[in-house]
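Numbering (my numbering), first residue to last: 32 to 167.
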């Protein structure tokens, strides 16, 4: 199970697990803690806007489950809540184009994409054959 918490970065040495950039000192960062039989407790840090969670992890956690480590002002807590709202699972009534959920193509769209790829491959083969004939 994954445990979520937030804190102000103690130093500027940690890297964001998602975007790989440094997390500056005193920036708010997510801490995703998980257990491993082999390695014990594993912590992964992310920028406030970079957190990646699976749908099942999102379903398990609510905003009330997040642990605030250290002192947080009202503005800081508001920022965390706004960031969390980006990750919530939308209800069936809500339509979303969130980058955190994979867009599913209809079977017809998949078929059209496959046909387009086949056409492009045929055109490439024809162009290659024409070039070879010209060289001879």
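Note that CB positions come from ideal geometry on N, CA and C, so glycine has one too. None of these values were measured; they are calculated from a predicted model.
Nearest-angstrom Cβ-Cβ length linking residue i and residue j, presumed shorter than 8 Å
i           : j          : result
residue 111 : residue 59 : 6 Å
residue 80  : residue 40 : So it is not a contact: roughly 14 Å between Cβ atoms.
residue 97  : residue 35 : 5 Å
Euclidean distance between Cα positions of residue i and residue j
i           : j          : result
residue 77  : residue 69 : 23 Å
residue 89  : residue 83 : 10 Å
residue 33  : residue 65 : 5 Å
residue 150 : residue 37 : 50 Å
Per DSSP, cross-strand counterpart(s) of residue i
i          : result
residue 71 : 67
residue 92 : Beta-bridge pairing links residue 92 to no other residue.
residue 99 : 37
residue 60 : 38, 78
Other residues of its chain near residue i: CB distance less than 7 Å, five sequence neighbours each side excluded
i          : result
residue 75 : 48, 63
residue 94 : 112, 115
Beta-carbon contacts of residue i that lie in its chain and below 6 Å, excluding the five residues immediately before and after
i           : result
residue 116 : none
Sequence-distant residues of its chain with Cβ nearer than 8 Å to residue i (five each side left out)
i          : result
residue 46 : 52, 53, 54, 76
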